[in-house]
Amino acid sequence: MTSPDYNPVVTALKLKRKSRLLEVTFDDGKTYQLSCEMLRVYSPSAEVHGHGNPVLVTHKKNVNIKALDPVGNYAVKITFDDGHNTGLFSWKVLYDLATHQVDLWEQYLARLRAEKASREPLIDMAVKYHN
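With full-length UniProt numbering, the residue at position 129 of the sequence shown is 129, and numbering never jumps.
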């Protein structure tokens, strides 16, 4: 997706829990907002990618991010409030998700329709965060 000679660097991450968005700023000066749901359903983990056969992640409309942990100078480990935390989001992965989010989201919604699946949570939960 990303040009092979461009190695994006994240210069800022801002979690907006109320709106369930992660704001990501890159070294090219551009800032993008990624929904927690999109990050969760496109997690780069083996659990989601199914070792080459991507799993359709459903019922994550209200998922939020519980924690962001830096991994060196190249990635962030995201812990979601549904317990998922096995994907490392490299700067390149975040850049690809950010710059292709419209197409990726449409593909996700089409796949949900094709499999008669839902984004809606199985159990409606009100989660409160304490700092």
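Note that beta-carbon positions come from the ideal geometry of N, C-alpha and C, so glycine has one too.
Assuming residue i and residue j form a contact by the criterion Cβ under 8 Å, report the distance between their Cβ atoms to the nearest whole angstrom.
i, j, result
"P44", "V93", "5 Å"
"V76", "L13", "6 Å"
From the DSSP output, read off the bridge partner residues of residue i.
i, result
"E23", "K14 and Q33"
"L39", "Per DSSP, none; premise fails for L39."
"V88", "As written in the sequence, residue 88 is Leu, which differs from the Val given in the question. K77, per the DSSP bridge assignment."
Do residue i and residue j have their C-beta atoms within less than 7 Å of each other?
i, j, result
"P8", "W91", "yes"
"K18", "R40", "no"
"L34", "L112", "no"
"V57", "V71", "no"
On the CB-based measure, 16 or more other CB atoms within 10 Å of its CB, does residue i come out buried or exposed?
i, result
"H51", "exposed"
"L122", "exposed"
"A114", "exposed"
"L109", "exposed"
"E120", "exposed"
"V102", "exposed"
"Y95", "buried"
According to DSSP, simplified to helix, strand and coil, what is residue i?
i, result
"D82", "coil"
"V57", "coil"
"D5", "coil"
"L122", "coil"
"K116", "coil"
"V63", "coil"
"residue 180", "With the chain covering only 1 through 131, there is no way to say anything about residue 180."
"H49", "helix"
Does the ligand MG have a heavy atom nearer than 6 Å to the CB of residue i?
i, result
"P8", "Among the ligands in the structure shown, none appear at all, so the ligand MG cannot be discussed."
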